[in-house]
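Heads up: the protein sequence lines correspond to chains W and R, in order. In terms of the numbering used here, the first sequence opens at residue 1 and continues consecutively. In terms of the numbering used here, the second sequence opens at residue 1001 and continues consecutively.
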Amino acid sequence: TQLLEQSPQFLSIQEGENLTVYCNSSSVFSSLQWYRQEPGEGPVLLVTVVTGGEVKKLKRLTFQFGDARKDSSLHITAAQPGDTGLYLCAGAGNQFYFGTGTSLTVIP
Amino acid sequence: DTAVSQTPKYLVTQMGNDKSIKCEQNLGHDTMYWYKQDSKKFLKIMFSYNNKELIINETVPNRFSPKSPDKAHLNLHINSLELGDSAVYFCASSPAVGLAGRGQYFGPGTRLTVT
């Protein structure tokens, strides 16, 4: 089993603060995805990173794939209440392996 | 237009019953999946089908049987339901089998409660 550990597991911050979520593994992945899941809904794909060292920006969200393609980070600038949700990373190998999840709450 | 749809959204049933969950995707994807999300929100793959053929079958009790009548549909039938089967089940699809890793598109989930 290719385990993906996310940290922190829970995060509660004030609106306007910055935060970083980490996704770490000892396995190499061909690509890595980040998803956001809101209560009662399915995960929604945010981004896919493919190349080691790749950085992608999606408005206030910045995603980075580690050079060795074993880890990734998600940085949110000036968090807003709409960013609240469960953030999941997933590594692609011969199937998709999901991370342990980070539950983010942004307090207005 | 719903990309990946599942029915029912909620399913409450008693132990020992047999139930089915249906999934359809209109994205033209070749690969479909079933995941189980437990109370700690961990997503665990159960099955994967590529063009109606089973390609991934994780360690899942044989009471769970997937069926794919065509590449747009992947249904999940569960026999002799047990309390431990209570969870949220998600269907997903992707354009390729994990290798290119463009990501997956998930349905809204089916919350199964076994009493």
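Beta carbons: idealized from backbone N, C-alpha and C, even for Gly.
Discussion item. So, under 8 Å CB-CB, I1055 (chain R) and T1110 (chain R) are touching, yes? Tell me the CB distance rounded to an integer number of Å.
Written reply: Along the second sequence, read from residue 1 onward, the residue named residue 1055 (chain R) stands at position 55. Along the second sequence, read from residue 1 onward, the residue named residue 1110 (chain R) stands at position 110. The Cβ separation is near 22 Å, so there is no contact.
Worksheet item: Rounded C-beta distance between N1079 (chain R) and D1018 (chain R)? I'm assuming under 8 Å.
Response: For the purposes of this step, residue 1079 (chain R) is taken as the residue at position 79 of the second sequence. For the purposes of this step, residue 1018 (chain R) is taken as the residue at position 18 of the second sequence. 5 Å between Cβ atoms; contact.
Item to complete: Note down the Cα distance separating G1098 (chain R) from G16 (chain W), rounded to an integer number of angstroms.
Response: Within the second sequence, the letter at position 98 stands for residue 1098 (chain R). Within the first sequence, the letter at position 16 stands for residue 16 (chain W). At G1098 (chain R) the pLDDT is 49, less than 50, meaning the model places this residue with poor confidence; the figure from the coordinates comes in the next sentence. If you draw a straight line from the Cα of G1098 (chain R) to the Cα of G16 (chain W), it is about 36 Å long.
Worksheet item: What does S1086 (chain R) pair with, by DSSP beta-bridge criteria?
Response: Against the second sequence, residue 1086 (chain R) aligns to sequence position 86. None; S1086 (chain R) has no bridge partner.
Worksheet item: T48 (chain W) CB to nearest chain R CB: under 8 Å?
Response: Stepping through the first sequence from its first residue, residue 48 (chain W) is reached at position 48. So yes, T48 (chain W) belongs to the interface.
Discussion item. Along the segment 1040-1059 of chain R, where does the CB come closer than 7 Å to a CB of chain W? Name the residues.
Written reply: Cβ contacts with chain W: K1041, F1042, L1043, I1045, S1048, I1056.
Discussion item. Assuming E1053 (chain R) is part of the beta strand (DSSP E), what are its boundary residues?
Written reply: As a first step, residue 1053 (chain R) must be located in the second sequence, where it is residue number 53. Where E1053 (chain R) is concerned, the enclosing beta strand (DSSP E) stretches over 1053-1057.
Item to complete: Return yes when the Cβ of A1092 (chain R) is within less than 8 Å of the Cβ of V1004 (chain R), no when it is not.
Response: The count along the second sequence starts at 1 and reaches residue 1004 (chain R) at position 4. The count along the second sequence starts at 1 and reaches residue 1092 (chain R) at position 92. It is a contact, given that the beta carbons lie within the stated cut-off.
Worksheet item: Do the segment 31-40 of chain W and the segment 66-75 of chain W touch if we need at least three Cβ pairs shorter than 8 Å?
Response: In short, these stretches touch, since the Cβ pair count reaches three.
Item to complete: Please compile the residues from chain R whose C-beta is within a distance smaller than 7 Å of the C-beta of T100 (chain W).
Response: Locating residue 100 (chain W) in the first sequence gives position 100, counting from the first residue. Ordered by position in chain R, the residues that pass the 7 Å Cβ test against T100 (chain W) are F1042.
Fill in: Alpha carbon of Q95 (chain W) to alpha carbon of T62 (chain W), nearest angstrom
As a working note, residue 95 (chain W) is residue 95 in the first sequence. As a working note, residue 62 (chain W) is residue 62 in the first sequence. When rounded, the distance between both Cα atoms is 25 Å.
Worksheet item: From the DSSP output, which residues share a beta bridge with D1070 (chain R)?
Response: In the second sequence, residue 1070 (chain R) corresponds to position 70, counting from 1. Beta-bridge analysis with DSSP links D1070 (chain R) to R:H1073.
Worksheet item: Of all Cβ atoms in chain W, is any one closer than 8 Å to the Cβ of R1102 (chain R)?
Response: Sequence index remark: in the second sequence, residue 1102 (chain R) carries index 102 (1-based). Judged by the 8 Å Cβ criterion, R1102 (chain R) is in contact with chain W.
Practice prompt. Locate the beta strand (DSSP E) running through M1015 (chain R), then write down its first and last residues.
Written response: Reading the second sequence from its first residue, position 15 is the one you call residue 1015 (chain R). Premise fails: M1015 (chain R) is in no beta strand (DSSP E) and is neither H nor E.
Worksheet item: Alpha carbon to alpha carbon, what distance is there between S25 (chain W) and L11 (chain W)?
Response: By one-based count along the first sequence, residue 11 (chain W) stands at place 11. By one-based count along the first sequence, residue 25 (chain W) stands at place 25. Roughly 20 Å separates the two Cα atoms.
Item to complete: Just the C-alpha distance for T20 (chain W) and Y87 (chain W), rounded to the nearest angstrom, thanks.
Response: Taking the first residue of the first sequence as 1, we reach residue 20 (chain W) at position 20. Taking the first residue of the first sequence as 1, we reach residue 87 (chain W) at position 87. Taking the straight line from one Cα to the other gives about 11 Å.
Fill in: Beta-carbon gap between K1052 (chain R) and S1068 (chain R) smaller than 8 Å
By 1-based counting over the second sequence, the position of residue 1052 (chain R) is 52. By 1-based counting over the second sequence, the position of residue 1068 (chain R) is 68. Between K1052 (chain R) and S1068 (chain R), the C-beta gap is smaller than 8 Å, which places the two residues in contact.
Fill in: Coarse secondary structure for G85 (chain W), derived from DSSP in three states
Position 85 of the first sequence holds residue 85 (chain W). In the structure shown, the three-state DSSP call for G85 (chain W) is strand.
Fill in: Identity of the residues DSSP links to K1044 (chain R) by a beta bridge
The sequence position of residue 1044 (chain R) within the second sequence is 44, counting from 1. Per DSSP, R:K1036.
Worksheet item: With a cut-off of 8 Å, does the C-beta of F1090 (chain R) fall near any C-beta of chain W?
Response: What you label residue 1090 (chain R) is simply residue 90 of the second sequence in a count that begins at 1. Taking Cβ atoms only, chain W reaches closer than 8 Å to F1090 (chain R), which makes this a yes.
Discussion item. For F65 (chain W), report the span of its beta strand (DSSP E) as first-last.
Written reply: By 1-based counting over the first sequence, the position of residue 65 (chain W) is 65. According to the DSSP assignment, F65 (chain W) belongs to the beta strand (DSSP E) that extends over 61-65.
Worksheet item: What are the boundary residues of the beta strand (DSSP E) that includes V1004 (chain R)?
Response: Within the second sequence, residue 1004 (chain R) is the residue found at index 4, counting from 1. Segment 1004-1007, the beta strand (DSSP E) holding V1004 (chain R).
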